[in-house]
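Visitor: Protein chains in written order, with the working numbering: chain R, 1 to 306; chain A, 1 to 433.
For reference, the structure I am asking about is given below.
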């Protein structure tokens, strides 16, 4: 795979994704060793440019980067010149002047990774842009699904919740379709796209939508949506779209339950499901680390498995 | 200014007199004195003997100078984006001889002193005629009527809160009613700001694909429906600015059948580009209303062809580079349109959507009539405001060569066909290629 950036899942073919997952699988073995560090990216510098608060993704990237022996710089926006009114353009031009190799960026505006790739000579990894994409989340979800289901062909995957505002949903939809899985969207009409993307089935009823699925990806419900009338109350939402044991029973017996975190127990997911035997949520976290190592490794020109 | 000018052997198109043929136009002291069509292929001999300056327009179109009902000249207040001097220079380069400037300056043109300032500046530095559009409400805040009467007396030819809607229906009712006393037109920036929400592009297949928040067509259409109802109720004159959706065209078409006093404009970008152009998040594609779907684009053409849409306006919205060099959703909306409008509009003729006469009607004659201006015509006695253009000449857009300060164009690098060769205002050659 010779590629400079990871901005959208649309850029990755089936073989590319499997290659990233294969490498990630080897890195998982590294992570089980006593000494968890490999010298693969020694001498390279990564800037983590997070314009949105993020604990999980940023930490996951940072650990992945350190495991690969890169020099890591965290550009903390809250304490930076950005709060003094510096434009994105000026910020990235400054970072470029340091001579870095990678920028891992999260931003509330869609298209910022494209903007950086256009104006800056670095390798860009999209860690979430606006409501658009979050490719490494889709890759770690794919790795988790592959570990449980073996293959993607014909797999039924339901994504449940706030679909329209979710970059996790969009990247997963693109990636899973590329891999041969079938995607369903489940949620209230206010949180579903006005028309279904090609190949996606949409359900208002979670009971209907979960029938016979192999994988359930729950999305986080953000409280701010409530204030903008996407749904009336969290109680009303949970009552109709929360993942409960009874609803989970509509899916295949061996269905897995995923969540990108952080979870809202009692809003999108019942506690007993979140802690139940079908959940693979913590496995997703470990896989996130391995997948991010793999992505950095491949973008830096790595061809062989670690 | 030469006292006498003879424009010879041009293809004259003047919808105001239903003229479409080869001929000569004589100008004296800034006025058109005669227009003679040739029969057959006979070419007139140069009649230099009477001392007239002769302009050979062989192979070129000679039409009334274009009238742009909708530009932003940014002065006063945003002179780093555009000035009356630079904006009108861009206008005459595009074949426009009259532009109407929207009131969203700083301060807002909501009183006759600002109106007078703009007119003074235009008289001093303007390359073409400038007519201000006054604000409907004070500060464009949508709350209290601005001094529509005084601004009308000072020279405003229409009223609009362009850039913002008048959300309060009662205020809009009063504006229609009050405006009737002056026979003036309310120009509606039709956008329900609640429905538009934090959208940054057209809501549809493309917004879902690109992961940007959408502005539904309904945000425009519900306001047009409201304004039609209010215009009908009050008998006021309504003009819809920058129509962009299929549903809007349908509403306007029906209103015209119902004899509502309504006219409408669209802009070249709405019949040239679709929302797919947003791919890659180029902020030059950020415009309000947003670029719509292919179906909407087709409706713009159909609306122009059947006269539902009366006029082509540019919504020339120049911005500084810094206002566009940023995140897509934070970039300011607008396109610097005066210098590309003619070539983009001529495509409609090449595609068989409009006849040349229909196009000139939409660019010149109709907008002048809507605003009650005595331009957009080559009738004897009229001011010699004339556009001369080559419909075939090819050129490549280079935004950096725009005379407008606003280099924000989605068409940078486009191969164009059709270009202004000469522009005359009141018999003065104000632009020559």
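No residue lacks a Cβ here, since even glycine has one placed at the ideal position from N, Cα and C.
Being a predicted model, the structure only gives us computed values, none of them experimental.
Please confirm if the stretch 242-261 of chain A is in contact with the stretch 69-87 of chain R, defined as three or more CB-CB distances below 8 Å between the two stretches.
Guide: Result no; under three Cβ-Cβ pairs closer than 8 Å.
Visitor: What residues in the stretch 192-213 of chain R bring their beta carbon closer than 7 Å to a beta carbon of chain A?
Guide: From the stretch 192-213 of chain R, only 193, 194, 195, 197 have a Cβ closer than 7 Å to chain A.
Visitor: Quick check: the Cα distance between residue 355(R) and residue 172(R), rounded to an integer number of angstroms?
Guide: Outside the modelled stretch of chain R, which goes from 1 to 306, sits residue 355(R), for which no answer is possible.
Visitor: Which residues in chain A have a C-beta closer than 8 Å to the C-beta of residue 131(R)? List them in chain order.
Guide: Going along chain A in sequence order, the residues near residue 131(R) (Cβ under 8 Å) are 211, 212, 213.
Visitor: Residues of chain R with CB closer than 7 Å to the CB of residue 167(A), please, in chain order.
Guide: Within 7 Å Cβ-Cβ: nothing; residue 167(A) doesn't reach chain R, min ~18 Å.
Visitor: For residue 319(A), which residues of its own chain have a beta-carbon under 7 Å away from its beta-carbon, when the five flanking residues on both sides are left out?
Guide: Hits under 7 Å: 81, 332, 334, 406, 408.
Visitor: Determine the burial state of residue 51(A): buried for a count of at least 16 other Cβ atoms within 10 Å of its Cβ, exposed for fewer.
Guide: Exposed: under 16 other Cβ atoms inside 10 Å.
Visitor: Does the Cβ-Cβ distance between residue 290(R) and residue 28(R) come in under 7 Å?
Guide: Yes, Cβ-Cβ distance for residue 290(R) and residue 28(R) is below 7 Å.
Visitor: Alpha carbon to alpha carbon, how far is residue 47(R) from residue 63(R)? Give it in angstroms, no decimals.
Guide: Spanning the two alpha carbons is a distance of roughly 13 Å.
Visitor: Tell me the DSSP bridge mates of residue 100(A)?
Guide: Its beta-bridge partners are 131(A).
Visitor: Using the C-alpha atoms, what's the distance from residue 267(A) back to residue 305(R)?
Guide: In this predicted model, residue 305(R) has a pLDDT of only 46, less than 50, meaning its place in the structure is not dependable enough to derive any value.
Visitor: Measure the alpha-carbon distance for residue 201(R) versus residue 53(R) and round it to whole angstroms.
Guide: Looking at the two C-alpha atoms, the distance is approximately 32 Å.
Visitor: Rank 112(A), 179(A), 163(A), 155(A) by C-alpha distance to the C-alpha of residue 140(A) and give the top, closest one.
Guide: Checked all of 112(A), 179(A), 163(A), 155(A); the closest Cα to residue 140(A) is 163(A).
Visitor: Kindly indicate which residue of 33(R), 102(R), 109(R), 130(R) has the alpha-carbon position closest to the one of residue 117(R).
Guide: Taking only the C-alpha atoms, the option nearest residue 117(R) is 102(R).
Visitor: Going by C-alpha distance, which of 178(A), 173(A), 207(A), 23(A) is nearest residue 292(A)?
Guide: Checked all of 178(A), 173(A), 207(A), 23(A); the closest Cα to residue 292(A) is 207(A).
Visitor: Quick one: complete beta strand (DSSP E) runs, 3+ long, within the stretch 153-194 of chain R?
Guide: Listed in chain order, they are 156-160, 182-186.
Visitor: Quick check on this structure: which residue in 184(R), 211(R), 255(R), 223(R) has the alpha carbon closest to the alpha carbon of residue 149(R)?
Guide: Comparing Cα positions, the closest option is 255(R).
Visitor: Taking only the alpha-carbon atoms, compute the straight-line gap between residue 369(A) and residue 99(A) and give it to the nearest angstrom.
Guide: Between residue 369(A) and residue 99(A), the C-alpha separation is close to 14 Å.
Visitor: Could you tell me which chain R residues have their CB closer than 9 Å to the CB of residue 328(A), listed as they occur along the chain?
Guide: Ordered by position in chain R, the residues that pass the 9 Å Cβ test against residue 328(A) are 109, 110, 111, 112, 114, 115, 130.
Visitor: Does residue 325(A) get closer than 7 Å to chain R when you measure Cβ to Cβ?
Guide: Yes - at least one Cβ of chain R is within 7 Å of the one on residue 325(A).
Visitor: In three-state DSSP terms, what is residue 241(R)?
Guide: Of the three classes helix, strand and coil, the one that applies to residue 241(R) here is helix, per DSSP.
Visitor: Is the CB of residue 305(R) under 7 Å away from at least one CB in chain A?
Guide: At residue 305(R), the pLDDT of 46 sits below 50, so the modelled position is not reliable; the number obtained from the coordinates is stated separately. By this cut-off, residue 305(R) is not an interface position.
Visitor: In three-state DSSP terms, what is residue 306(R)?
Guide: Here the model assigns residue 306(R) a pLDDT of 42, short of 50, so the residue's position is not dependable and the matter cannot be decided.
Visitor: Of all the CB atoms in chain A, is at least one closer than 7 Å to the CB of residue 89(R)?
Guide: Judged by the 7 Å Cβ criterion, residue 89(R) is in contact with chain A.
Visitor: Please decide whether residue 281(A) counts as near chain R, where near means a Cβ-Cβ distance under 7 Å.
Guide: For residue 281(A), the answer is yes, since a Cβ of chain R falls inside 7 Å of its Cβ.
Visitor: Could you work out which residues of chain A lie near residue 167(R), taking near to mean beta carbons separated by less than 9 Å?
Guide: Near residue 167(R) (Cβ distances below 9 Å), the residues of chain A are 211.
Visitor: What did DSSP end up calling residue 8(A) once you bin it into helix, strand or coil?
Guide: Of the three classes helix, strand and coil, the one that applies to residue 8(A) here is strand, per DSSP.
Visitor: Residues of chain R with a CB under 9 Å from the CB of residue 312(A): which are they?
Guide: Per Cβ cutoff of 9 Å: no residues; residue 312(A) is ~30 Å from chain R at best.
Visitor: Counting only beta-carbon atoms, is residue 292(R) nearer than 7 Å to chain A?
Guide: Not closer than 7 Å to any Cβ of chain A, the Cβ of residue 292(R) fails to qualify, so no.
Visitor: Let's see if you can read the secondary structure: which residues bound the alpha helix (DSSP H) around residue 356(A)?
Guide: Start and end: 356-360.
Visitor: Using the C-alpha atoms, what's the distance from residue 210(A) back to residue 165(R)?
Guide: Cα to Cα, residue 165(R) sits roughly 12 Å from residue 210(A).
Visitor: Between residue 288(R) and residue 109(R), how many whole angstroms is the CB-CB distance? I'm expecting something under 8 Å.
Guide: About 23 Å separates the two Cβ atoms, so there is no contact after all.
Visitor: Give the secondary structure of residue 141(A) by DSSP, where H, G and I count as helix, E and B as strand, and everything else as coil.
Guide: Three-state result, residue 141(A): coil.
Visitor: Under a CB-based cut-off of 7 Å, is residue 208(A) close to chain R?
Guide: Yes, because at least one Cβ of chain R sits closer than 7 Å to the Cβ of residue 208(A).
Visitor: Who are residue 47(R)'s beta bridge partners in DSSP?
Guide: Beta-bridge pairing links residue 47(R) to 73(R), 103(R).
Visitor: Would residue 249(R) be called buried (16 or more neighbouring beta carbons within 10 Å of its own) or exposed?
Guide: Result: exposed.
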